[in-house]
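Worksheet: the structure to be examined is printed underneath.
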Amino acid sequence: MASFVEQFFNIEIMIAAWPTLLQGLGVTLLLCVAVIPMGLAGGLFAALASTAKSKYIRWPTIALVDFFRSIPPLVLLIFVYSALPFAGLRLSPFTSVVTAFFLNNSAYYGEILRAGLQSVGYGQTEAARSTGLSAVQSLRYVVLPQAVRNVLPDLISNTIEVIKLTSLASVVSLAEILYSADMARSVTYNASPIVLAAGIYLLILWPLVRLVSQFGKKLSV
1 MASFVEQFFN IEIMIAAWPT LLQGLGVTLL LCVAVIPMGL AGGLFAALAS
51 TAKSKYIRWP TIALVDFFRS IPPLVLLIFV YSALPFAGLR LSPFTSVVTA
101 FFLNNSAYYG EILRAGLQSV GYGQTEAARS TGLSAVQSLR YVVLPQAVRN
151 VLPDLISNTI EVIKLTSLAS VVSLAEILYS ADMARSVTYN ASPIVLAAGI
201 YLLILWPLVR LVSQFGKKLS V
(Lines of atoms letter the chains of each structure in order from A and count residues from 1; the text may use other names and numbers.)
(Lines give C-alpha, C1' and ligand atoms only; values in the text may rest on other atoms or scores of the structure.)
Protein backbone atom coordinates (compact mmCIF):
# COMPACT_ATOMS: atom_id res chain seq x y z
CA MET A 1 0.00 0.00 0.00
CA ALA A 2 2.84 2.38 0.86
CA SER A 3 4.45 1.84 -2.54
CA PHE A 4 1.09 2.53 -4.24
CA VAL A 5 0.72 5.84 -2.40
CA GLU A 6 4.35 6.69 -3.16
CA GLN A 7 3.89 6.02 -6.87
CA PHE A 8 0.52 7.70 -7.42
CA PHE A 9 -0.08 10.15 -4.57
CA ASN A 10 3.36 11.57 -3.81
CA ILE A 11 2.59 15.04 -2.45
CA GLU A 12 6.17 16.29 -2.79
CA ILE A 13 6.26 15.41 -6.48
CA MET A 14 2.82 16.94 -7.01
CA ILE A 15 3.99 20.19 -5.45
CA ALA A 16 7.14 20.18 -7.57
CA ALA A 17 5.12 19.48 -10.74
CA TRP A 18 2.42 22.07 -9.96
CA PRO A 19 4.03 25.04 -11.81
CA THR A 20 4.44 22.94 -14.95
CA LEU A 21 0.86 21.70 -14.78
CA LEU A 22 -0.36 25.23 -14.15
CA GLN A 23 1.21 26.34 -17.42
CA GLY A 24 -0.40 23.37 -19.14
CA LEU A 25 -3.75 24.29 -17.61
CA GLY A 26 -3.42 27.75 -19.17
CA VAL A 27 -2.96 26.18 -22.61
CA THR A 28 -5.94 23.86 -22.02
CA LEU A 29 -8.17 26.77 -21.04
CA LEU A 30 -6.96 28.76 -24.05
CA LEU A 31 -7.90 25.83 -26.30
CA CYS A 32 -11.35 25.69 -24.71
CA VAL A 33 -11.84 29.44 -25.18
CA ALA A 34 -10.97 29.07 -28.86
CA VAL A 35 -12.66 25.77 -29.69
CA ILE A 36 -15.99 25.98 -27.84
CA PRO A 37 -17.27 29.32 -29.24
CA MET A 38 -16.04 28.42 -32.72
CA GLY A 39 -17.70 25.02 -32.48
CA LEU A 40 -20.99 26.57 -31.37
CA ALA A 41 -20.89 29.09 -34.21
CA GLY A 42 -20.02 26.42 -36.74
CA GLY A 43 -22.68 24.15 -35.27
CA LEU A 44 -25.35 26.83 -35.59
CA PHE A 45 -24.39 27.39 -39.21
CA ALA A 46 -24.49 23.63 -39.85
CA ALA A 47 -27.87 23.31 -38.11
CA LEU A 48 -29.40 26.10 -40.19
CA ALA A 49 -27.90 24.77 -43.42
CA SER A 50 -29.02 21.19 -42.69
CA THR A 51 -32.60 22.38 -42.20
CA ALA A 52 -32.62 24.68 -45.24
CA LYS A 53 -35.35 24.27 -47.81
CA SER A 54 -32.89 24.02 -50.70
CA LYS A 55 -31.65 20.46 -51.17
CA TYR A 56 -28.46 21.86 -52.73
CA ILE A 57 -27.60 23.36 -49.34
CA ARG A 58 -29.20 20.75 -47.10
CA TRP A 59 -27.74 17.53 -48.49
CA PRO A 60 -24.07 18.63 -48.80
CA THR A 61 -24.26 19.98 -45.25
CA ILE A 62 -25.71 16.72 -43.91
CA ALA A 63 -22.99 14.78 -45.75
CA LEU A 64 -20.23 16.95 -44.24
CA VAL A 65 -21.72 16.70 -40.75
CA ASP A 66 -21.93 12.91 -41.02
CA PHE A 67 -18.38 12.79 -42.37
CA PHE A 68 -16.81 14.75 -39.52
CA ARG A 69 -18.89 12.91 -36.91
CA SER A 70 -17.67 9.59 -38.29
CA ILE A 71 -13.95 10.37 -38.27
CA PRO A 72 -12.21 9.88 -34.90
CA PRO A 73 -10.99 13.29 -33.71
CA LEU A 74 -7.50 11.92 -33.14
CA VAL A 75 -7.26 10.80 -36.77
CA LEU A 76 -8.55 14.18 -37.91
CA LEU A 77 -5.98 15.96 -35.75
CA ILE A 78 -3.11 13.86 -37.09
CA PHE A 79 -4.28 14.48 -40.65
CA VAL A 80 -4.48 18.26 -40.16
CA TYR A 81 -1.10 18.42 -38.46
CA SER A 82 0.84 15.88 -40.52
CA ALA A 83 -0.84 15.70 -43.93
CA LEU A 84 -1.59 19.33 -44.73
CA PRO A 85 2.14 20.27 -44.92
CA PHE A 86 2.37 18.00 -47.98
CA ALA A 87 -0.29 20.22 -49.55
CA GLY A 88 1.77 23.30 -48.76
CA LEU A 89 -0.14 24.31 -45.62
CA ARG A 90 1.89 24.00 -42.44
CA LEU A 91 -0.02 24.83 -39.26
CA SER A 92 1.33 25.29 -35.75
CA PRO A 93 0.33 22.67 -33.15
CA PHE A 94 -2.15 25.08 -31.55
CA THR A 95 -3.74 26.03 -34.89
CA SER A 96 -3.88 22.38 -35.93
CA VAL A 97 -5.71 21.42 -32.73
CA VAL A 98 -8.16 24.31 -33.05
CA THR A 99 -8.84 23.50 -36.72
CA ALA A 100 -9.37 19.77 -36.17
CA PHE A 101 -11.56 20.25 -33.09
CA PHE A 102 -13.53 23.00 -34.82
CA LEU A 103 -14.47 20.64 -37.64
CA ASN A 104 -15.30 17.80 -35.26
CA ASN A 105 -17.24 19.81 -32.71
CA SER A 106 -19.13 21.88 -35.26
CA ALA A 107 -20.61 18.64 -36.54
CA TYR A 108 -21.70 17.51 -33.07
CA TYR A 109 -22.98 20.90 -31.97
CA GLY A 110 -24.75 21.14 -35.34
CA GLU A 111 -26.68 17.93 -34.78
CA ILE A 112 -27.69 19.03 -31.29
CA LEU A 113 -28.84 22.45 -32.46
CA ARG A 114 -30.64 20.93 -35.46
CA ALA A 115 -32.64 18.76 -33.08
CA GLY A 116 -33.37 21.85 -31.01
CA LEU A 117 -34.57 23.84 -34.01
CA GLN A 118 -36.79 21.00 -35.15
CA SER A 119 -38.28 20.71 -31.65
CA VAL A 120 -39.74 24.21 -32.01
CA GLY A 121 -43.00 24.09 -33.93
CA TYR A 122 -43.22 25.99 -37.22
CA GLY A 123 -46.17 27.84 -35.76
CA GLN A 124 -43.72 29.73 -33.54
CA THR A 125 -41.99 31.13 -36.61
CA GLU A 126 -45.30 32.02 -38.25
CA ALA A 127 -46.50 33.76 -35.09
CA ALA A 128 -43.26 35.73 -34.85
CA ARG A 129 -43.44 36.75 -38.51
CA SER A 130 -47.05 37.85 -38.06
CA THR A 131 -45.90 40.42 -35.49
CA GLY A 132 -43.67 42.07 -38.08
CA LEU A 133 -40.38 40.40 -37.23
CA SER A 134 -38.09 39.48 -40.09
CA ALA A 135 -36.93 35.91 -40.64
CA VAL A 136 -33.60 36.64 -38.93
CA GLN A 137 -35.30 38.39 -36.00
CA SER A 138 -37.78 35.53 -35.62
CA LEU A 139 -34.91 33.08 -35.47
CA ARG A 140 -32.87 35.19 -33.06
CA TYR A 141 -35.57 36.26 -30.61
CA VAL A 142 -38.17 33.49 -30.79
CA VAL A 143 -37.00 30.19 -32.29
CA LEU A 144 -33.34 29.98 -31.23
CA PRO A 145 -33.89 30.72 -27.49
CA GLN A 146 -36.49 27.94 -27.31
CA ALA A 147 -34.33 25.56 -29.33
CA VAL A 148 -31.30 26.13 -27.09
CA ARG A 149 -33.40 25.64 -23.95
CA ASN A 150 -34.72 22.32 -25.27
CA VAL A 151 -31.25 20.91 -25.90
CA LEU A 152 -29.27 22.74 -23.21
CA PRO A 153 -28.29 19.56 -21.30
CA ASP A 154 -26.96 18.05 -24.53
CA LEU A 155 -25.02 21.22 -25.32
CA ILE A 156 -23.41 21.23 -21.89
CA SER A 157 -22.65 17.49 -22.12
CA ASN A 158 -20.95 18.00 -25.47
CA THR A 159 -18.99 20.92 -24.04
CA ILE A 160 -17.72 18.62 -21.29
CA GLU A 161 -16.56 16.20 -23.97
CA VAL A 162 -14.82 19.05 -25.78
CA ILE A 163 -12.88 19.98 -22.64
CA LYS A 164 -11.79 16.36 -22.21
CA LEU A 165 -10.99 16.18 -25.91
CA THR A 166 -8.31 18.85 -25.53
CA SER A 167 -6.11 16.18 -23.91
CA LEU A 168 -5.55 14.79 -27.43
CA ALA A 169 -3.48 17.89 -28.17
CA SER A 170 -0.58 16.14 -26.46
CA VAL A 171 -0.26 13.99 -29.59
CA VAL A 172 1.09 16.98 -31.54
CA SER A 173 3.32 18.02 -28.61
CA LEU A 174 1.15 20.94 -27.57
CA ALA A 175 1.96 21.55 -23.92
CA GLU A 176 -1.56 21.35 -22.50
CA ILE A 177 -2.16 19.93 -19.04
CA LEU A 178 -1.90 16.22 -19.90
CA TYR A 179 1.27 16.72 -21.95
CA SER A 180 2.77 18.74 -19.08
CA ALA A 181 1.84 16.02 -16.58
CA ASP A 182 3.35 13.34 -18.78
CA MET A 183 6.58 15.33 -19.09
CA ALA A 184 6.73 15.63 -15.31
CA ARG A 185 6.08 11.89 -15.03
CA SER A 186 8.91 11.10 -17.44
CA VAL A 187 11.32 13.22 -15.37
CA THR A 188 10.28 11.93 -11.94
CA TYR A 189 9.47 8.34 -12.99
CA ASN A 190 6.34 8.77 -10.89
CA ALA A 191 2.66 8.84 -11.89
CA SER A 192 1.65 11.43 -9.30
CA PRO A 193 1.63 14.33 -11.84
CA ILE A 194 -0.87 12.36 -13.96
CA VAL A 195 -3.08 11.89 -10.92
CA LEU A 196 -2.81 15.60 -10.18
CA ALA A 197 -3.84 16.41 -13.75
CA ALA A 198 -6.83 14.08 -13.39
CA GLY A 199 -7.77 15.89 -10.18
CA ILE A 200 -7.67 19.25 -11.98
CA TYR A 201 -9.94 17.90 -14.72
CA LEU A 202 -12.29 16.64 -12.02
CA LEU A 203 -12.46 20.04 -10.33
CA ILE A 204 -13.21 21.74 -13.64
CA LEU A 205 -15.77 19.26 -14.96
CA TRP A 206 -17.62 18.15 -11.84
CA PRO A 207 -19.69 21.38 -11.58
CA LEU A 208 -20.64 21.05 -15.26
CA VAL A 209 -21.68 17.43 -14.77
CA ARG A 210 -23.88 18.44 -11.84
CA LEU A 211 -25.30 21.29 -13.93
CA VAL A 212 -26.35 18.83 -16.63
CA SER A 213 -28.11 16.72 -14.00
CA GLN A 214 -29.95 19.74 -12.64
CA PHE A 215 -31.11 20.86 -16.07
CA GLY A 216 -32.21 17.32 -16.86
CA LYS A 217 -34.35 17.23 -13.72
CA LYS A 218 -35.92 20.61 -14.47
CA LEU A 219 -36.76 19.71 -18.06
CA SER A 220 -38.28 16.40 -17.02
CA VAL A 221 -40.70 18.09 -14.62
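Reminder that position 105 of the sequence shown reads as 105 in this note's numbering, one-by-one numbering, no gaps. We treat Cβ as the ideally placed atom computed from N, Cα and C, and that holds for glycine. Model, not experiment: these values are computed from the prediction.
- The stretch 64 to 76 makes contact with the stretch 90 to 105; the number of CB pairs closer than 8 angstroms reaches 3 or more.
- If only uninterrupted alpha helix (DSSP H) runs of at least 4 residues are considered, none is enclosed by the stretch 6 to 46.
- Across the set Ile-204, Thr-28, Ala-47, Val-212, the C-alpha of Ala-47 shows the shortest separation from the C-alpha of Ala-115.
- About 5 angstroms separates the beta carbon of Met-14 from that of Ser-192, a gap short enough to meet the 8 angstroms contact definition.
- Here Ile-36 has Thr-159, Val-162 as same chain residues with Cβ atoms under 7 angstroms from its own Cβ, once five neighbours each way along the sequence are excluded.
- By the Cβ criterion, the stretch 163 to 180 is in contact with the stretch 25 to 36, since at least three pairs of Cβ atoms, one from each stretch, lie closer than 8 angstroms.
- Residues of the same chain with a CB within less than 6 angstroms of the CB of Gly-110, apart from the 5 flanking positions on each side, are Gly-43, Ala-46, Ala-47, Val-65 in chain order.
- Where Arg-114 is concerned, the enclosing alpha helix (DSSP H) starts and stops at 93 to 119.
- A distance below 7 angstroms between beta-carbons, with the five flanking residues on each side excluded, links Ser-50 to the following residues of its chain, in chain order: Arg-58, Thr-61, Ile-62, Val-65, Gly-110, Arg-114.
- In this structure, the straight-line span from the alpha carbon of Ser-170 to that of Gln-23 is close to 14 angstroms.
- Closest in C-alpha terms to Phe-8, from the list Pro-207, Ser-157, Gly-199, comes Gly-199.
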